[in-house]
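Worksheet: one structure, shown below.
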Amino acid sequence: MDTRTQTLPPGWRIEATGPFPGSRACVLRLTHVDGLEALWQVEDGAAQCEAVKQLAAAMALTGESYREQDEDPPPLLST
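All residue numbers for the sequence shown refer to this note's numbering, where the first residue is 27 and numbers rise by one.
Written as structure tokens, this is what we have:
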């Protein structure tokens with residue numbers, strides 16, 4: 027297997043999530059700034075879902091981000 031680091035071309039973002047409460051799906055999504063989107067959704071328990079979970083965990087551990095920072099984040103709620 028080729029294990030060289032891979033990057034997405036400029037303008038593309040990746041999201042790996044799931045499964046969520048109330049849903050048994052893992053989702054891998056590629057999006058482009060022009061609005062193009064590729065979406066893969068698989069059920070929890072499938073080998074592909076495990077791969078999506080591992081990718082999401084690896085992205086979280088390394089601080090990788092698939093989204094650009096919000097220009098103006100919403101205000102924090104106060105009590």
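No residue lacks a Cβ here, since even glycine has one placed at the ideal position from N, Cα and C. For clarity, every value in this text was computed on a predicted model and none was experimentally measured.
Note down, in chain order, each residue of its chain lying with its Cβ closer than 7 Å to the Cβ of Arg50, except the 5 sequence neighbours on either side.
-> Here residue 50 corresponds to residue number 24 of the sequence shown, with the count starting at 1. A distance below 7 Å between beta-carbons, with the five flanking residues on each side excluded, links Arg50 to the following residues of its chain, in chain order: Glu69, Asp70.
For Val68, the three-state DSSP class (helix, strand or coil) | Residue mapping note: residue 68 aligns to position 42 of the sequence shown, counting from 1. Correct three-state label for Val68: strand.
So what does DSSP say about Leu62, is it helix, strand or coil?
-> Position 36 of the sequence shown holds residue 62. Of the three classes helix, strand and coil, the one that applies to Leu62 here is coil, per DSSP.
Rounded to whole angstroms, how far is the Cβ of Leu56 from the Cβ of Ile40, which I believe are closer than 8 Å?
-> Indexing the sequence shown from 1 puts residue 56 at position 30. Indexing the sequence shown from 1 puts residue 40 at position 14. Their Cβ separation, rounded to whole angstroms, is 6 Å, which keeps Leu56 and Ile40 in contact under 8 Å.
Measure the alpha-carbon distance for His58 versus Gly37 and round it to whole angstroms.
-> Residue mapping note: residue 58 aligns to position 32 of the sequence shown, counting from 1. Residue mapping note: residue 37 aligns to position 11 of the sequence shown, counting from 1. The alpha-carbon atoms of His58 and Gly37 are separated by roughly 5 Å.
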